[in-house]
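*Asks:*
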Amino acid sequence: MYFNSNIKLLRKRKSRTQDDVAHALKMKRSTLSGYENEVSQPTVPVLLAFSKYFGVAIDTLLKVDLATLTESQLSQLERGGDVYIKGSNLRVLATTVNENNEENIELVPEKAKAGYATGFADPEFIKELPTFRLPFLSKQKKFRTFQINGDSMLPIPHGAWVTGEYLQDWNQIISGHAYIIFTLDEGIVFKIAENLIEEEKKLRLFSLNPIYGPFDIPVNEVKEVWKFVNYISSEIPEPMVPQEELLRTVATLKKDMDAVKNRMFKKD
Numbered sequence: 718m719y720f721n722s723n724i725k726l727l728r729k730r731k732s733r734t735q736d737d738v739a740h741a742l743k744m745k746r747s748t749l750s751g752y753e754n755e756v757s758q759p760t761v762p763v764l765l766a767f768s769k770y771f772g773v774a775i776d777t778l779l780k781v782d783l784a785t786l787t788e789s790q791l792s793q794l795e796r797g798g799d800v801y802i803k804g805s806n807l808r809v810l811a812t813t814v815n816e817n818n819e820e821n822i823e824l825v826p827e828k829a830k831a832g833y834a835t836g837f838a839d840p841e842f843i844k845e846l847p848t849f850r851l852p853f854l855s856k857q858k859k860f861r862t863f864q865i866n867g868d869s870m871l872p873i874p875h876g877a878w879v880t881g882e883y884l885q886d887w888n889q890i891i892s893g894h895a896y897i898i899f900t901l902d903e904g905i906v907f908k909i910a911e912n913l914i915e916e917e918k919k920l921r922l923f924s925l926n927p928i929y930g931p932f933d934i935p936v937n938e939v940k941e942v943w944k945f946v947n948y949i950s951s952e953i954p955e956p957m958v959p960q961e962e963l964l965r966t967v968a969t970l971k972k973d974m975d976a977v978k979n980r981m982f983k984k985d
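Here our numbering is used: the first residue of the sequence shown is 718, the next is one more, and so on.
1) Which value, in whole angstroms, describes the spacing of the CA atoms of Val-879 and Ile-865?
2) Do you know how far the Cα of Leu-810 is from the Cα of Phe-923?
3) Write down the C-beta distance between Asp-902 and Lys-919 rounded to the nearest angstrom, noting that I regard them as a contact closer than 8 Å.
4) For Asn-806, count neighbouring Cβ atoms within 10 angstroms of its own Cβ and tell me buried if that reaches 16, exposed if not.
5) Going by C-alpha distance, which of Glu-788, Gln-885, Lys-769 and Thr-777 is nearest Val-738?
6) Is it buried or exposed, Ala-968, if we count other Cβ atoms within 10 angstroms and call 16 or more buried?
7) Which residue marks the beginning of the alpha helix (DSSP H) containing Phe-720, and which one marks its end?
8) Indicate whether Glu-757 and Gln-735 have their beta-carbon atoms separated by less than 8 Å.
9) Relative to the C-alpha of Asp-839, which candidate in Thr-812, Ser-855 and Thr-862 has its C-alpha closest?
10) Quick one: Cα of Val-690 to Cα of Pro-852, how far?
11) Among Gly-904, Glu-882, Asn-815 and Glu-917, which one has its Cα closest to the Cα of Tyr-896?
12) Can you check whether the CB of Phe-899 is closer than 8 Å to the CB of Glu-841?
13) Closest to Glu-911 by CA distance: which of Pro-927, Trp-887 and Glu-753 is it?
14) Starting from the C-beta of Asn-979, find all residues in its chain whose C-beta is less than 8 Å away, skip the five residues before and the five after it, and write them out in chain order.
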């Protein structure tokens, strides 16, 4: 069990003294010290009290060595993202950190996508991906960057690098927002999502380019979800055509077509 080391770690991360925590839980400081030093074992009411105080499930306090988690994972836990409490499935993400134990942003280029399908959960594969940092992104969250191909998400161009924030709880997918979805069948796709998990156990995915129709993915086929944060591209997006100019263009085309038809009829 990891109870003693976990409550000590969580206490220090909150910058609380033993006196602070003992007072909040209505126990003696020596009693709390006994728990942290594994001199005494907690009762069920004590476990419930610690769970409520830290916002962490009893199962997590007992079974998970919090010292092995990355900073982003600990931060997510402290923000209420404990999978035991939320009831979502536990998903372990293979990741890498720098010399300061801060999360890297791994790059998944087009040529690495095939390997990602089999190596996404393999720490050795993830370790081989190139990494970089974006200083304006939070150190408490996990990000990964994927290279997209095709024109389905224009004006975001082919070859752009799209960065996403790892989403642990898929119930938090917001309809109408952009996500990077990874499944074994579809691979890595960048789409606008409609969350139909609660009603139909699936996601409906839309492209920004209207010539591509929507399609559904059963949620049990999804392996990873990354919430869109930003993209990097060397290309400047095509300018949007103003509505008045678009109408004039259509009218001109219609006029030209009518002229062609008239010439054809005259020849007949």
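Beta carbons: idealized from backbone N, C-alpha and C, even for Gly. Treat the numbers as computed from the prediction; the structure is a model and nothing was measured.
*Replies:* Reading from the atomic positions:
1) Here residue 879 refers to the residue found at position 162 of the sequence shown. Here residue 865 refers to the residue found at position 148 of the sequence shown. In this structure, the CA atom of Val-879 is about 7 Å from the CA atom of Ile-865.
2) Counting from one through the sequence shown, the residue named residue 923 turns up at place 206. Counting from one through the sequence shown, the residue named residue 810 turns up at place 93. The alpha-carbon atoms of Phe-923 and Leu-810 are separated by roughly 26 Å.
3) By one-based count along the sequence shown, residue 902 stands at place 185. By one-based count along the sequence shown, residue 919 stands at place 202. Rounded, the Cβ-Cβ distance is 13 Å, inconsistent with contact.
4) Locating residue 806 in the sequence shown gives position 89, where the first residue counts as 1. In this prediction, Asn-806 has a pLDDT of 48, which is less than 50 and means its spatial position is unreliable; nothing more can be read from the coordinates.
5) Sequence index remark: in the sequence shown, residue 738 carries index 21 (1-based). Nearest C-alpha to Val-738: Lys-769.
6) In the sequence shown, counting from the first residue as 1, residue 968 sits at position 251. Answer is exposed; the Cβ neighbour count stays below 16.
7) Your numbering for residue 720 matches position 3 in the sequence shown. 720-730 is the extent of the alpha helix (DSSP H) around Phe-720.
8) Residue numbering aside, residue 757 sits at position 40 when the sequence shown is read from its first letter. Residue numbering aside, residue 735 sits at position 18 when the sequence shown is read from its first letter. According to the sequence displayed, residue 757 carries Ser and not Glu. Not in contact: Ser-757 and Gln-735 (Cβ atoms no closer than 8 Å).
9) In the sequence shown, the residue the question calls residue 839 occupies position 122. With distances taken between Cα atoms, Asp-839 lies closest to Thr-812.
10) Lying before the first or after the last residue shown, residue 690 is absent from the chain, which here runs from 718 to 985.
11) Here residue 896 is taken as the residue at index 179 of the sequence shown, counted from 1. The shortest C-alpha separation from Tyr-896 is found at Glu-882.
12) In the sequence shown, counting from the first residue as 1, residue 841 sits at position 124. In the sequence shown, counting from the first residue as 1, residue 899 sits at position 182. If you check the CB distance, Glu-841 and Phe-899 do not come in under 8 Å.
13) To locate residue 911, count along the sequence shown from 1; it is residue 194. Residue Trp-887 holds the alpha-carbon nearest to the alpha-carbon of Glu-911 among Pro-927, Trp-887 and Glu-753.
14) What you label residue 979 is simply residue 262 of the sequence shown in a count that begins at 1. Correct list: empty, nothing qualifies.
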